[in-house]
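*Asks:* Handing you a structure now.
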Amino acid sequence: MLEINQVTKDFDQVRAVNDLSFTVETGDIYGLLGPNGAGKTTMIRMIMQIIQPDQGRITLGGEPITVKTKDQIGYLPEERGLYQKMKVREVIGYFAALKNLDADVARKNADKYLQRFDLLERAEDKIEELSKGNQQKIQFVIAIIHEPRVLILDEPFSGLDPVNQVLVKEIIAELQQKETTILLSTHQMEQVEKLCKRICLINRGQAVLKGNLAEIKRNFGSRTVRIQSEASLEEVAKDEAFIRTEKENGALIGELRESILPHEYLKTLVNKVPIRKFEVVEPSLEQIFVEQVRGGGK
Amino acid sequence: MKFFTIAKWEFTQRVKSKWFIFSLVFPLIIIGISFLPAVLMQKNVEVKTFALIDQTGWAGDSLMAAFSKKYVRDDNRPQYEWIPLAGQNMASPKAAADSMLARNVIDGYILIPADILKQRKAEYYGESVGNFNDQMRLSQTLSNIVARREMALHNLDPALIENLTRDVNLATFEVRGGKTQEGNELMAFAGPYFFVFILFMAIFMTSQILMRSVLEERQNRLVELLVSSAGSNHLMSGKILGIGAMGLLQVVIYLVVAQVTATYFGVDLITVGGILGFLFYFIPGYLLYASFYAAVGSLFTSEQEAQQAIGVISLVGVFPILFIPFAMTNPGSVLVQILSYIPPITPFFMILRMHLGVVPFWEYGLSFALLVGFTYLTMRIAGKLFNTVILMYGKRPSIPEIVRWIRA
């Protein structure tokens, strides 16, 4: 279990992370979301002890993270690259050695994962001879070569084609089954929806939304309605019952004010326009994300 | 120890590279090329032709005889050929000589005036008067001839004259620490140059490689992964150690090659004391510059910017090399002594002084202590800067920002 407890970090005049708390349960895939500059990377760097928090505690299995326990964490940073002139196997071996992994085990694991990514026959090639996508895969192999207890993935899908995205997702799922605790930070909301059970959305260093993803969506969805009609919905869109509306494929999607329940609104709506379809919709995570970030986080 | 893993990686990757092999061969080629002209000069001396206008009737013949006896090439041909002009029936021998000089028939001409005994003056004309060697030989030989003539005019016995004008051969001895040994001019000349130069190359080339390596890891966005696995202290110290070990290996190879070459020429270039002294100053000297270069490497993302920033610092290392001739002629100078206590140049000046004469033991101790203290301070500051900026990208930090980070 990875626990982040009331962590705060300041840089000069800027509060990058503000009193942030969340818990990643063992064997869980946890989504850490937020716009650019929200403080995600700063938070991850504090977990990796690259920088120290000004306040708060970060623990792994109840213990503070030490140099030793850090070897049980795998990390795929967003800022990532490889030694271009070196051979694939050498580079993987070097990073495995930095995680104190035995050389024989490292070689065995490297072969296993290279095979998995269809790169085994390129093990003796220089990194610069590989395509960008293949280099990404090597970086992923480096993050998991020591089969870590905790895996931190910062934008793991960027730069990968759809086929390899699926492959990475499969491997993430496999690692989860082996009780690996995974923290996933990404902008790709559809991947989070498919992989994560719990999320924390941060904006300006603060958690603005946190908890079980299905619950969050249900809460948001209960006041969002989708209306279809043969007649024009222009007038309906201007209705004061809505906080905001948008059009989608001829339908009107509107978020109702907090005091108005969908079935109550339906009663008034039937008198205004002929309705073909009326449904309560769950917003996508992306919609929630955009709304939370635009709305200033509250 | 993770820094050891990093050091091992840096060392093996560098030593395996083509660049390393090139770096071993390149200086040897340079040394070869710089020795080649000297060797060629010794083997195949150019024959020079001088015209001679002798107005005395006695000095010219003696001059030509003395030269053909004294200056002979390896193939037994004389080094100088003469065209006497005075005896010939011509309006002006000087005009004839000038014309020969203009047509490159001769390399120069000598005019011995009739009153040389009284005035002690002769004249040399040439296209260039920069050849000190020829002029010195002419001046010495003529002085000798005039002295003999003077003695003969005073009715001295020819045998006595011969004895009086014999050359004195100056033998040289080095006295160090109470021990006297036959001196070796070549060694005394080449030793300081060689060791200061090797030290300069070892320190600056190795530090440059280190800086490039830090830059490469920044440019390739590898730093975050390395720092997250090993920590920035281990990263910096591992890199300094690994690349330093490569630099040391390089130096050892240079020294072995130099010793083999020197032995071939019968010179004892490398001594145990020389090696110990070298290491004594190389290690703190390298650590000083390496930590500084590593910090500079961490401040920039482009090599061009980093090189500009470091350019001035490399001049600090060139300064002692420029100073070698002065130090050689004034080994006991107070200035040289003072300069050897300025930490960034201490290694170079102490190595230089070590090869120029005996340095009191306390001076080694004091200069070394100052150097180590200064190196420690530099490493602390550089380490702090490295830890702060290694993961910062984007805008180049300003001087006030850097000062603030160091103070933090």
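Protein chains in written order, with our numbering: chain Z, 2 to 299; chain D, 2 to 409.
Every residue, glycine too, gets a C-beta built ideally from N, C-alpha and C.
All figures in this text were calculated on a predicted structure; none of them were measured in a lab.
My understanding is that Val25 of chain Z touches Leu184 of chain Z, with C-beta atoms under 8 Å, so please give their C-beta distance in whole angstroms.
*Replies:* Confirmed, about 6 Å.
*Asks:* Any idea if Ser247 of chain D is buried or exposed, counting beta-carbon neighbours within 10 angstroms, 16 or more meaning buried?
*Replies:* The identity of residue 247 of chain D in the sequence shown is Met, whereas the question assumes Ser. Buried is the call here.
*Asks:* Using only alpha-carbon positions, find the residue among D:Leu25, D:Leu288, D:Tyr294 that is nearest to Gly312 of chain D.
*Replies:* D:Tyr294
*Asks:* Are the Cβ atoms of Cys197 of chain Z and Leu210 of chain Z separated by less than 8 Å?
*Replies:* Cβ atoms of Cys197 of chain Z and Leu210 of chain Z: not closer than 8 Å.
*Asks:* Would you verify that the beta carbon of Gly298 of chain Z is, or is not, closer than 8 Å to some beta carbon of chain D?
*Replies:* Residue placement at Gly298 of chain Z cannot be trusted, given a pLDDT of 43 that sits under 50; what the coordinates show is reported in the next sentence. So, not an interface residue.
*Asks:* Report all residues from its chain with a CB closer than 6 Å to the CB of Met143 of chain D; omit the five preceding and five following residues, and keep chain order.
*Replies:* Going by the sequence as given, residue 143 of chain D is Leu instead of Met. Correct list, in chain order: Ala123.
*Asks:* Any beta carbon of chain D sitting closer than 8 Å to that of Ala39 of chain Z?
*Replies:* no
*Asks:* Please identify the residue among D:Leu372, D:Pro28, D:Ser299 whose C-alpha is closest to the C-alpha of Phe281 of chain D.
*Replies:* D:Leu372
*Asks:* So, does the CB of Lys240 of chain D fall closer than 8 Å to a CB anywhere in chain Z?
*Replies:* no
*Asks:* Would you please state the rounded distance, in angstroms, between the beta carbons of Phe221 of chain Z and Leu34 of chain Z? I believe it to be under 8 Å.
*Replies:* Wrong, their Cβ atoms sit about 14 Å apart, outside the cutoff.
*Asks:* For Ile146 of chain Z versus Ala107 of chain Z, is the C-beta distance shorter than 8 Å?
*Replies:* yes
*Asks:* Counting Cβ pairs closer than 8 Å, one from the segment 368-382 of chain D and one from the segment 289-305 of chain D, do we hit at least three?
*Replies:* yes
*Asks:* Check whether chain Z comes within 8 Å of Arg222 of chain D, counting only Cβ atoms and requiring the distance to be less than that.
*Replies:* Contact with chain Z is found for Arg222 of chain D, since one of that chain's Cβ atoms lies less than 8 Å from the residue's Cβ.
*Asks:* With H, G and I counted as helix, E and B as strand and the rest as coil, what does DSSP make of Ile84 of chain D?
*Replies:* strand
*Asks:* Let me check understanding here. Comparing Cα to Cα, which of Z:Asp155, Z:Glu79, Z:Glu91, Z:Lys41 lies closest to Trp10 of chain D?
*Replies:* Taking the Cα of Trp10 of chain D as reference, the smallest distance to any Cα among Z:Asp155, Z:Glu79, Z:Glu91, Z:Lys41 is reached at Z:Glu91.
*Asks:* Between Phe320 of chain D and Ile346 of chain D, is the Cβ-Cβ spacing less than 8 Å?
*Replies:* Their beta carbons are under 8 Å apart, which means Phe320 of chain D touches Ile346 of chain D by this criterion.
*Asks:* Compare the C-beta of Glu26 of chain Z with all C-beta atoms of chain D and state if any pair is closer than 8 Å.
*Replies:* no
*Asks:* Given that Thr302 of chain D touches chain Z, what residues does it touch there, using C-beta distances under 9 Å?
*Replies:* Chain Z residues near Thr302 of chain D: none, gap ~12 Å exceeds 9 Å.
*Asks:* Within the present structure, is the beta-carbon of Tyr294 of chain D separated from the nearest heavy atom of the ligand NAD by less than 7 Å?
*Replies:* Although the ligand NAD was asked about, the structure shown includes no ligands whatsoever.
*Asks:* Does the count of Cβ pairs from the segment 325-332 of chain D and the segment 254-265 of chain D closer than 8 Å reach three?
*Replies:* no
*Asks:* Just grab the DSSP bridge partners of Phe279 of chain Z for me.
*Replies:* Per DSSP, Z:Ile228.
*Asks:* Consult DSSP for Gly298 of chain Z and reduce its assignment to one of helix, strand or coil.
*Replies:* The predicted model places Gly298 of chain Z with a pLDDT of 43, which falls under 50 and marks its position as unreliable; any figure quoted below should be read in that light. Here Gly298 of chain Z sits in coil by DSSP.
*Asks:* Given 8 Å as the limit, is there contact between the segment 6-25 of chain D and the segment 68-81 of chain D, that is, 3 or more CB pairs closer than that?
*Replies:* no
*Asks:* So what's Leu112 of chain D in DSSP terms, helix, strand or just coil?
*Replies:* strand
*Asks:* Let me check one thing: in DSSP terms, what residues is Thr24 of chain Z bridge-paired to?
*Replies:* Z:Glu4
*Asks:* At the level of alpha carbons, what is the spacing between Ala148 of chain D and Tyr365 of chain D?
*Replies:* 51 Å
*Asks:* Taking the beta strand (DSSP E) that Leu34 of chain Z belongs to, which residues open and close that run?
*Replies:* 30-34
*Asks:* From this set, D:Thr6, D:Val16, D:Thr272, D:Ala67, which residue's C-alpha is nearest Phe196 of chain D's C-alpha?
*Replies:* D:Thr272
*Asks:* Count the other CB atoms, across all protein chains shown, that sit within 10 Å of the CB of Lys299 of chain Z; report buried if there are 16 or more and exposed otherwise.
*Replies:* Bear in mind that the predicted position of Lys299 of chain Z carries a pLDDT of just 41, short of 50, making it too unreliable to give a figure here.
*Asks:* Judging by CA-CA distance, which residue of D:Leu171, D:Ser140, D:Lys49, D:His356 is the nearest neighbour of Arg74 of chain D?
*Replies:* D:Lys49
*Asks:* Of all the options D:Gly239, D:Leu171, D:Ile31, which has the alpha carbon lying nearest to the alpha carbon of Lys3 of chain D?
*Replies:* D:Gly239
*Asks:* What residue range is occupied by the uninterrupted beta strand (DSSP E) comprising Val151 of chain Z?
*Replies:* If you look at Val151 of chain Z, you'll find it in the beta strand (DSSP E) that goes 151-155.
*Asks:* Interface residues of chain Z around Gln338 of chain D at Cβ under 9 Å?
*Replies:* Near Gln338 of chain D there are no residues of chain Z at all, since even the closest Cβ is about 47 Å away, more than 9 Å.
*Asks:* Using 8 Å as the threshold, is the segment 201-208 of chain Z in touch with the segment 40-51 of chain Z, meaning 3 or more CB pairs across them?
*Replies:* Three or more beta-carbon pairs separated by less than 8 Å link the segment 201-208 of chain Z to the segment 40-51 of chain Z, which places the two stretches in contact.
*Asks:* With which residues is Pro79 of chain D paired in a DSSP beta bridge?
*Replies:* D:Val73
*Asks:* Entirely within the segment 140-167 of chain D and at least 3 residues each: give me those beta strand (DSSP E) ranges in chain order.
*Replies:* Runs found: none.
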